[in-house]
Each structure stands twice: as structure tokens, then as C-alpha cells.
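Peer 1: Okay, handing you the structure first.
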């Protein structure tokens, strides 16, 4: 162990990369948060149904997922500097374009193409994949810190955007966000421009042998397809309250400010929970950690469907944030454990692509269910069904993993 620690690639500058990546991810996630908070006023201003801005979010997530693979390949060839710079510029330009939109197509193109496919795509898988390359002993914590940008964004952006919407309107809010993103993201990209250290081959062989052998016995494609189905189901369920919680709160008669604070509570808890889950995954493994997060998310989806009082909604939001935060950081860690390091980049990006598809399905489906039924309660129940499927998939992976590990230990 001492020899392994001495050969570690970790350096203090790696933490600079991680925390700059965290801030970049947090700012990049400001774009969907404006959409969450502004969903109702956008629909009203454009004189359309709620599914139109919901679909803009779906296009953003789909674009970010597809673009993540392209950005990941770009990063593998040129490093993180170029894709992160390009993505930052596209997020700012997309938000600027939204501020002047006069119809659904401009809204969809700005969010789906500019912010999603060309912008936000550089803030997800590439930052995580690049961050993992700086660490070999505290990889789980490093990934969790970058991924916790979702929680940090949820704390900062909803009340800030709601205040700006009330004061200036949603168009000016998008415009100010574009200016802010341009001024702050570019210096951060410059700080992460260095390439990660090269992994010592002997250390990599030893560490790979220690963690990869228990996963043998499950075919590569079986494992990959199961992971894709798992993330599709969990993200479909996850998107329903994440995208529509602010609207759900106001539909129940609570003020817009209180509804926005529900999202802040959810994401605030998620920020700290995600870091804790990252540390937990280093101790008990990412598959078990994923199972715990999934079970918690499923439970709280039913609670959302059952409660309507403000205090109960705050509790539900906090507990949902506690559980769902532990899900997504587990997937890159599982991929790093089960697949060759040379394939980690595109597999992580592909996993986020399927996650984006799941978020798109869940966000759009909840909007359609509301338009048909006039309530989000049935959407949350549908999300619970998705989550049950996710639990079954993750449980099967865990059982196969344990059986094969026991077989290897007794061999």
C-alpha cells in the first residue's frame, strides 16, 4: 500500500482543476435552472402550452448528451482546454439568443443546439473524465465534487433567477446570465488548460487488477447495456420533480418565491449529499451506493405525489435531494472499475448521453401529463414506476457482482 501511495499521480494542482471544474459545471447548469424558474412565464409570454418550454429543456438535455460524446473525443485528442472554451462561448451565446426569442423554434434552437449540443455538453462528461485523470486514490471524492455542481447550482440559481424574473422579466434574466457566463467561465477555462499527469503503467496495472477482477463474469456489453437502461430509468424519474418542482409549488397555491426555495433546498442538500456519497462510494463501492440513492429517490417520488403543504414539500425536497444526489456520480466510477481505462472517456460520455435522454423523457413526459390531467401527481407516480425498474436493474448488477466476487475468493 505504501508503494502504491508513493506512486500516486495526485498533485495539489489536481484540486485546482477539480474546483475550477466544479464552478464551470455550476455556471453551465445555470441555463436549465433559468428554464425551470421561467417555465410558466415563458409559456405565458409566448402564448403556448407548458410543454413547449419543457421540450426546450428536453432538447437541451438530449443535445448535451450527444454533444458530450463529441466533446469527449475532442478532449481525448486535444485536452480539456479547447472544448471547455468553445462550450463556454456557446452557453453565453445561447442564453443571449433566448433573451430575444419570439417563438418556440428560436427557443428550441437556442436551448437544444447552442446551450445543449455545443455548450453544456462540454460541462458534463469531459470535465468529469478529465478530473478522474488527475486522481487514482481519491477518485470518488473528486468526481463527486465536480458532480455536486448540480446541487450548488440549485442553491444559487433558482432564488436569484426568480428575483431577477420578478424585477426585470425572464428575457433580461437570460441576458444578464449570458454576460455573467462569458466574464467568469473564460478565466476558469484558462486555469484547467494543463493536461493531467500520465498514469504510471505499473501502478495502473496493479490498481486495475485489484478492482477489475471481481467484475469479470459479466460480459462487457451486458454490463454496459444494463448501465444504460439503469440511467435511462433513474433519470426519467429524477427529471419529473427537478424540472417541475417550482411549477408544482405554485400550482398548489404557494408563492413563486417559496416554490423557488423548494428547489434551493433540494439542490442545497444535494450538494453536500453528493460529496458524502462520493466518499461513501470509496468505502462501500459505487454499486451499493447507487442502490441506496435509487431507493431513496423512489420513496420520495411517492411522497411528492401525496403532500401539498409547504412544510411537507420542504421536507420532501430535502429528502429527495439527499437521495438523488448519490446516483449520477456512481456511474463514472462503475465505468472506471468495470471497463479498460482507454475506454473510459467515451463510455462516460455515452452514459451521460443516455442520462440526458432519460432527463428529456421525464421532463417532457411530466409536462404532457400535466397538460392532460391538470396535476403533477400522476407524473410523480409514473416516475416511481421508472425508479422501480432502475432498482431491479441495479440490484441484479449487485447480485451478479457479489456472486462472482465470492466465486473468485473461494477459487
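In our numbering, the protein residues as written are 22 to 432. Don't be surprised by glycine CBs; every beta carbon is placed ideally from N, CA and C.
1. Consult DSSP for residue 120 and reduce its assignment to one of helix, strand or coil.
2. Do you know whose CA, among 105, 244, 67, lies nearest residue 127's CA?
3. Any beta-carbon of chain C closer than 8 Å to the one on residue 369?
4. Measuring straight from C-alpha to C-alpha, what distance separates residue 319 and residue 328?
5. Quick one: what's got a C-beta closer than 6 Å to residue 142's C-beta in the same chain, skipping five residues either side?
6. Using C-beta distances below 7 Å, list every residue in its chain close to residue 198, excluding the 5 sequence neighbours before and after it, in chain order.
7. Under 8 Å, with one C-beta from each stretch per pair, do the stretch 370-377 and the stretch 326-340 reach the 3-pair mark?
8. Does the beta-carbon distance from residue 81 to residue 136 come in below 8 Å?
9. How big is the Cα-Cα spacing for residue 30 and residue 162?
10. Nearest to residue 139 by alpha carbon, out of 112, 118, 125?
11. Please list, in chain order, all residues of the same chain as residue 412 whose beta carbon is under 6 Å from its beta carbon, the five residues on each side excluded.
12. Please check the pair residue 281 and residue 267, which I expect to be a contact at CB under 8 Å, by giving their CB distance rounded to whole angstroms.
13. What's the C-alpha gap between residue 360 and residue 353?
14. Do you know offhand how far residue 349's Cα is from residue 269's?
15. Quick check for students: name the residue ranges of the alpha helix (DSSP H) that lie wholly in the stretch 277-360, counting only runs of 4 or more.
16. Within 10 angstroms of its Cβ, does residue 423 collect 16 or more other Cβ (buried), or is it exposed?
17. Tell me which residues share the same chain as residue 58 and place their Cβ nearer than 7 Å to its Cβ, disregarding the 5 neighbours each side in the sequence.
Peer 2: Once the coordinates are examined:
1. Walking along the chain shown from the start, residue 120 turns up at place 99. Looking at residue 120 - three-state DSSP - the assignment turns out to be coil, as it is neither helix nor strand.
2. Along the chain shown, read from residue 1 onward, the residue named residue 127 stands at position 106. Per the Cα distances, 67.
3. Note that chain C does not occur in the displayed structure, where there is just one protein chain.
4. On the chain shown, residue 319 is found 298 positions in, with the first residue counted as 1. On the chain shown, residue 328 is found 307 positions in, with the first residue counted as 1. Pairing residue 319 with residue 328, the inter-Cα distance amounts to about 15 Å.
5. Start at 1 with the first residue of the chain shown, and residue 142 comes out as number 121. Closer than 6 Å at the Cβ level, and outside the excluded window around residue 142, lie 85, 88, 89, 92.
6. Mapped onto the chain shown, residue 198 falls at position 177. The answer, listed in chain order, is 51, 55, 116.
7. As far as the Cβ criterion goes, the stretch 370-377 does not touch the stretch 326-340, which means the pair count is below three.
8. What you label residue 81 is simply residue 60 of the chain shown in a count that begins at 1. What you label residue 136 is simply residue 115 of the chain shown in a count that begins at 1. Contact: yes.
9. The count along the chain shown starts at 1 and reaches residue 30 at position 9. The count along the chain shown starts at 1 and reaches residue 162 at position 141. Cα to Cα, residue 30 sits roughly 15 Å from residue 162.
10. As a first step, residue 139 must be located in the chain shown, where it is residue number 118. Comparing Cα positions, the closest option is 112.
11. Mapped onto the chain shown, residue 412 falls at position 391. For residue 412, where only same-chain residues beyond five positions count, the Cβ hits under 6 Å are 315.
12. Here residue 281 refers to the residue found at position 260 when the chain shown is read from its first residue. Here residue 267 refers to the residue found at position 246 when the chain shown is read from its first residue. The beta-carbon separation of residue 281 and residue 267, rounded to 6 Å, stays under the 8 Å limit for a contact.
13. Locating residue 360 in the chain shown gives position 339, where the first residue counts as 1. Locating residue 353 in the chain shown gives position 332, where the first residue counts as 1. In this structure, the straight-line span from the alpha carbon of residue 360 to that of residue 353 is close to 10 Å.
14. As a first step, residue 349 is located in the chain shown; it is residue number 328 there, counting from the start. As a first step, residue 269 is located in the chain shown; it is residue number 248 there, counting from the start. Near 24 Å, if we compare the C-alpha coordinates of residue 269 and residue 349.
15. Runs of the alpha helix (DSSP H) inside the stretch 277-360: 277-305, 307-327, 331-345, 351-359.
16. Position 402 of the chain shown, counted from the first residue, corresponds to residue 423. Around the beta carbon of residue 423, fewer than 16 other beta carbons lie within 10 angstroms, which makes this residue exposed.
17. Counting from 1 along the chain shown, the entry for residue 58 is found at position 37. Excluding sequence positions up to five before and after residue 58, its CB lies within less than 7 Å of the CB of 179, 182, 183, 186, 267, 281, all in the same chain and listed in chain order.
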